[in-house]
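All letters in the sequence shown, in the order written, are residues 17 to 283 by my numbering.
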Amino acid sequence: MVKAIIFDLDDTLLWDKKSVETAFHVTCQFAATQVQLDPLQLEEAVRLEATELYASYETYEFTKMIGINPFEGLWGTFDDEGEQFLKMKEIVPTYRRDAWTNGLLRMGIDNVELGQQLADYFPEARKAHPFIYEETFQVLDRLKDHYQLILLTNGSPKLQHTKLEISSEIAPYFEHIVISGAFGKGKPDPSIFQFVLDEAGIQADDAMMVGDNLMTDILGASRVGIRSVWINRELKQPIKDIQPTYEITNLEELLPILKDLKTEVPQ
């Protein structure tokens, strides 16, 4: 019987991808008011520059392990404990400026001042546009009195808490919130899943993991024997050898699965 449901945060409950896309759109539209350029081309150029730059830093392997992507680096402050986070905090101001300045350069615009201006603009645009899937609260409301709800998210503690602060209705649903950057390893490492089980006082058979990422949420859950639900809203192709227990396209489809498992779901 399922006693606890472990939810991923980004692109499972929060629509992080849309928030990032909107922040890019707003920032690039602002750039177009300053100089003549195509906002969509600038977004593409900055995404490429950010990805390349991010992979060039000594912190890259750490960010991969913890689960912090290049676009989070464009707005996170990384005021977190630990040597690697201290290095990230030192790197990110230059990283942001260079990502935007080099993006402009790709379009033939040499303007460091504007690059800095856009680097400062993007974090505010991202914080101003939190998006939550429309079914998120309906499902959490149905589950909260019947299961122990746990949030397990990869990332910087400061950044993930910022996301929860600007979407403040989410956190109160959860008895435990576990963030990879605070734990020291990220999904799919089995140790963070075992830590969640220990914190919740349950066995693997008592838990269910719900997440959008096969390589982190689903693979990690499988490594410790937790049944998993892959929420595949974008109809992505499966990955060989990573098999979720269930696959859904909307969080509401979780409810009949739980009912079939003969657990308590209100009607």
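Yeah, the Cβ is synthetic: ideal placement off N, Cα and C, and Gly gets one too.
None of these values were measured; they are calculated from a predicted model.
Original post:
By DSSP, does glycine 119 sit in helix, in strand, or in coil?
Top reply: Judged by DSSP in its simplified three-state form, glycine 119 adopts helix.
Original post:
Buried or exposed: where does aspartate 24 fall if 16 or more other Cβ atoms within 10 Å of its Cβ makes it buried?
Top reply: Buried is the label assigned to aspartate 24, since at least 16 other Cβ atoms lie within 10 Å of its Cβ.
Original post:
Per DSSP, isoleucine 148 is paired with what?
Top reply: In the DSSP assignment, the residues bridged to isoleucine 148 are Leu30.
Subject >> Reduced DSSP secondary structure (H/G/I, E/B, other) of threonine 169 >> reply: Three-state DSSP puts threonine 169 in a strand.
**OP:** Give the secondary structure of glycine 217 by DSSP, where H, G and I count as helix, E and B as strand, and everything else as coil.
**Re:** Judged by DSSP in its simplified three-state form, glycine 217 adopts coil rather than helix or strand.
Original post:
Terminal residues of the continuous alpha helix (DSSP H) containing glycine 227?
Top reply: No alpha helix (DSSP H) holds glycine 227; the beta strand (DSSP E) holding it covers 223-227.
**OP:** For glutamate 88, I'd like the list of residues in its chain whose CB is within less than 8 Å of its CB, leaving aside the five on either flank, ordered along the chain.
**Re:** Counting only Cβ-Cβ distances below 8 Å, and skipping sequence neighbours, we find Gly171, Ser172, Leu175.
Original post:
What residue ranges within the segment 41-110 form continuous alpha helix (DSSP H) runs of no fewer than 4 residues, ordered along the chain?
Top reply: Within the segment 41-110, the complete alpha helix (DSSP H) segments at least 4 residues long are 55-72, 76-82, listed from N- to C-terminus.
Subject >> Local Cβ density within 10 Å of glutamate 280, reported as buried at 16 or more and exposed below that >> reply: At glutamate 280 the pLDDT is 48, less than 50, meaning the model places this residue with poor confidence; the figure from the coordinates comes in the next sentence. When all chains shown are included, glutamate 280 counts as exposed.
Original post:
Are leucine 90 and alanine 61 closer than 8 Å when you measure CB to CB?
Top reply: For leucine 90 and alanine 61, no; Cβs fall outside 8 Å.
Subject >> Pairwise C-alpha distance: threonine 265 and leucine 251 >> reply: Near 7 Å, if we compare the C-alpha coordinates of threonine 265 and leucine 251.
Original post:
Applying the criterion that 16 or more other CB atoms from any shown protein chain within 10 Å of the CB defines a buried residue, is isoleucine 186 buried or exposed?
Top reply: It is buried - the Cβ of isoleucine 186 has at least 16 other Cβ atoms within 10 Å.
Subject >> Contact set for alanine 135: own chain, Cβ-Cβ below 6 Å, skip 5 residues either direction >> reply: Excluding residues within five positions, the ones whose Cβ falls inside 6 Å are Arg112, Arg113, Trp116.
Original post:
In chain order, what residues of the same chain have a beta carbon less than 6 Å from the beta carbon of lysine 201, not counting five sequence neighbours either side?
Top reply: The beta carbon of lysine 201 lies closer than 6 Å to those of Ser207, Ile208 in the same chain, with the five residues before and after it left out.
Subject >> Beta-carbon contacts of alanine 20 that lie in its chain and below 8 Å, excluding the five residues immediately before and after >> reply: Setting aside the 5 residues that flank it on each side, alanine 20 is surrounded in the same chain by Tyr163, Gln164, Leu165, Ile166, Ala216, Ile218, Asp222, Ala223, Met224, each with a C-beta closer than 8 Å to its C-beta; the list follows chain order.
Subject >> Assigned exposure category for glycine 124 - 16 Cβ within 10 Å defines buried >> reply: So glycine 124 counts as exposed.
Original post:
With respect to the beta strand (DSSP E) encompassing serine 244, which residues constitute its N-terminal and C-terminal limits?
Top reply: 243-247 is the extent of the beta strand (DSSP E) around serine 244.
Subject >> Identity of the residue in Asp126, Asp276, Asp157, Gln45 nearest alanine 141 by Cα >> reply: Distance from the Cα of alanine 141 is smallest, within the candidate group Asp126, Asp276, Asp157, Gln45, for Gln45.
Original post:
Relative to the alpha-carbon of isoleucine 247, which residue among Asp257, Leu270, Gly236 has its alpha-carbon at the smallest distance?
Top reply: Here the closest residue by C-alpha is Leu270.
**OP:** Answer with buried or exposed for threonine 232, where buried requires no fewer than 16 other C-beta atoms within 10 angstroms of its C-beta.
**Re:** With 16 or more other Cβ atoms within 10 Å, it is buried.
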